[in-house]
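Undergrad:
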Amino acid sequence: MVKRILVVDDSPIILAAAKHALVEAGYEVETRGSVEEVAARGADGFQLILMDVQMPELFGDDVAAVLRHERENPAKIYLFSTLDDIELDERATAAKLDGFISKQHGLEHLVREVRRILD
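As numbered in this note's numbering, residues 18 to 136 make up the sequence shown, in order.
(1) To which residues of the same chain is V40 closer than 7 Å at the C-beta, ignoring the five residues directly before and after it?
(2) Given this structure, state the Cα-to-Cα distance separating V131 from R21, to the nearest angstrom.
(3) What is the residue span of the beta strand (DSSP E) that K93 lies within?
(4) Could you tell me which residues DSSP pairs with Q71 in its beta bridges?
(5) When the Cα atoms are used, what is the spatial distance from D26 to L65?
(6) Assuming T99 contacts K120 (C-beta within less than 8 Å), just tell me the rounded distance between them.
(7) Find out if the Cβ-Cβ distance for the pair D69, I94 is shorter than 8 Å.
(8) Using the rule of at least 16 other Cβ atoms within 10 Å of the residue's Cβ for burial, across every protein chain shown, is V80 buried or exposed?
(9) Going by alpha carbons, who is nearest to V24 out of E53, F117, H86 and R49?
(10) Look at A34 and L135 and say whether their C-beta atoms are less than 8 Å apart.
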């Protein structure tokens, strides 16, 4: 069974690059470019959700916390951001999420981390 990943980010370039890398690695990937798009199209049916923190409408960790704790989404939820690792760890811990993946380490790191999480 192919694992499904949702990537939420306001940057079309990040969405395209992450989707390409993860599809090449064998995953099925959907993207959402805004919090409104998550609300409209949903976030159910994924094994992993990667959520950017610095979204224009709301902080991604707040949105992820709602998905996890109010909507009871069973997916693994990781913050996906350029913030430094200490802040990402603090935000993920405070929101009671599964962790974080830093964008600063590149696409190979992203794929490696996703494999570690899902495989």
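Note that the Cβ used here is the ideal one computed from N, Cα and C, for glycine as well. Small disclaimer: the values here were computed from a predicted structure and weren't measured.
TA: The short version:
(1) Locating residue 40 in the sequence shown gives position 23, where the first residue counts as 1. The answer, listed in chain order, is V46.
(2) Working through the sequence shown from its first residue, we reach residue 131 at position 114. Working through the sequence shown from its first residue, we reach residue 21 at position 4. Distance between the alpha carbons of V131 and R21 is about 11 Å.
(3) Taking the first residue of the sequence shown as position 1, residue 93 is located at position 76. That run of the beta strand (DSSP E) goes K93 to S98.
(4) Here residue 71 is taken as the residue at index 54 of the sequence shown, counted from 1. Answer is F76.
(5) Looking up residue 26 in the sequence shown gives position 9. Looking up residue 65 in the sequence shown gives position 48. When rounded, the distance between both Cα atoms is 14 Å.
(6) As a first step, residue 99 is located in the sequence shown; it is residue number 82 there, counting from the start. As a first step, residue 120 is located in the sequence shown; it is residue number 103 there, counting from the start. 5 Å between Cβ atoms; contact.
(7) Taking the sequence shown and counting its residues from 1, the one referred to as residue 69 is at position 52. Taking the sequence shown and counting its residues from 1, the one referred to as residue 94 is at position 77. Going by C-beta atoms, D69 is not nearer than 8 Å to I94.
(8) The residue you call residue 80 lines up with position 63 of the sequence shown. By the 10 Å Cβ count, V80 comes out buried.
(9) What you label residue 24 is simply residue 7 of the sequence shown in a count that begins at 1. For the residues E53, F117, H86 and R49, the minimum Cα distance to V24 belongs to R49.
(10) Your numbering for residue 34 matches position 17 in the sequence shown. Your numbering for residue 135 matches position 118 in the sequence shown. In this structure, L135 does not lie closer than 8 Å to A34 by Cβ.
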